[in-house]
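Notes to accompany the following structure.
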Amino acid sequence: ETGVTQTPRHLVMGMTNKKSLKCEQHLGHNAMYWYKQSAKKPLELMFVYNFKEQTENNSVPSRFSPECPNSSHLFLHLHTLQPEDSALYLCASSQDNRDTYEQYFGPGTRLTVT
Amino acid sequence: AQSVAQPEDQVNVAEGNPLTVKCTYSVSGNPYLFWYVQYPNRGLQFLLKYITGDNLVKGSYGFEAEFNKSQTSFHLKKPSALVSDSALYFCAVRGSGGYNKLIFGAGTRLAVHP
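Protein sequences appear in the order of chains H and X.
The numbers in the numbering used here rise by one with no breaks, and the one at position 80 of the first sequence is 80.
To convert, count from 1 in the second sequence and add 1000; that's the numbering used here.
Next comes the structure, spelled out in structure tokens:
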């Protein structure tokens, strides 16, 4: 898992806090993704960035704000979250070309909202 | 619309026996199919993919998957299961659009008993 790293690995925050999740990929990829993984639910795609441009926002509430300053880094800024936002947040990256399609995932940030 | 179904929430198998984890898909056009594995408190790890070519695809850790176009299936298989194979397995299909968006199934928990 050194290809895609995520920090912090665990985060506990109150509903009024502001925090950020960080993702860094060391694979030279040009696309990055945020997913939410909740218990007993399919993986939910939240945001997609291609070449630093956001290309998809899957109706994610505005209390989640992504930022992609360059192709290697992706952030997820969190503010005024709700308890139901507690989940594992996964970052992934891929190389967007005709020959490779698989995404590579980081270890995730386990978020608990109290 | 593209979709993936994993009909079994859990699969139980004895160590040394063959295992199968089922996946069916629905896509328009040629399917690009993937299998991922997730161990506890870890991100998803890429196992194998089918893009084109032979219907039997070999991947990491001795896993293979068989693409069956007429049955729209892409079942994951291993000839001899190990206790260490116990994990959560996800099937995915590449979604529409010009980038590598993946649509994941709900996951199947594999339990290999000694």
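Where is the CB? At the ideal position from N, CA and C, for every residue including glycine.
DSSP, reduced to helix, strand and coil, places SER1060 of chain X within a helical segment of the structure shown.
Ranked by how close their Cα comes to the Cα of LYS1022 of chain X, the residues X:LYS1101, X:LYS1078, X:GLY1043 and X:HIS1113 have X:LYS1078 in first place. Within the stretch 84 to 110 of chain H, LEU90, SER94, ASP96, TYR101, GLU102, GLN103, TYR104, PHE105, GLY106, PRO107 and GLY108 place their CB atoms closer than 7 Å to a CB of chain X, listed in sequence order. Taking a Cβ-Cβ threshold of 9 Å, none of the residues of chain H is close to GLY1053 of chain X; the smallest such distance is about 13 Å.
In terms of Cβ geometry, ASN57 of chain H and MET46 of chain H form a close pair [threshold 9 Å]. Here the alpha carbon of TYR1025 of chain X sits roughly 20 Å from the alpha carbon of LEU1110 of chain X. Contact annotation for LYS1049 of chain X against chain H: TYR101 and GLU102 [CB-CB distance below 8 Å, chain order]. Taking the Cα positions, THR1020 of chain X is about 42 Å away from PRO69 of chain H. Along the stretch 1002 to 1035 of chain X, the positions whose C-beta sits under 7 Å from a C-beta of chain H are TYR1032 and PHE1034, read in chain order. Straight through space, the alpha carbons of GLU53 of chain H and LEU11 of chain H are spaced by roughly 27 Å.
Look at SER1080 of chain X here: in three-state DSSP terms it is coil, with no helix or strand label. The C-beta distance from TYR89 of chain H to LEU27 of chain H rounds to 19 Å, too long to fall under 8 Å, and the pair is not in contact. Around the beta carbon of ARG9 of chain H, fewer than 16 other beta carbons sit within 10 angstroms, so the residue counts as exposed. DSSP places ILE1103 of chain X inside the beta strand (DSSP E), whose first and last residues are 1102 to 1104.
Beta-bridge partners of HIS26 of chain H (DSSP): none assigned. Within the DSSP bridge table, the entry for ALA1092 of chain X names X:PHE1034 and X:PHE1104 as partners.
The stretch 11 to 20 of chain H and the stretch 1080 to 1089 of chain X do not touch, with fewer than 3 CB-CB distances between them shorter than 8 Å. Contact between the stretch 67 to 85 of chain H and the stretch 31 to 42 of chain H is established, with three or more Cβ pairs separated by less than 8 Å.
Sixteen is the threshold: since fewer than 16 other Cβ atoms of the shown chains lie within 10 Å of the Cβ of PRO1018 of chain X, the residue is exposed. With contacts defined by Cβ atoms closer than 9 Å, THR112 of chain H and SER86 of chain H form a contacting pair.
Close to GLY1105 of chain X, with beta-carbon spacing below 8 Å, are these residues of chain H in chain order: PRO42. If you draw a straight line from the Cα of GLY14 of chain H to the Cα of PRO66 of chain H, it is about 20 Å long.
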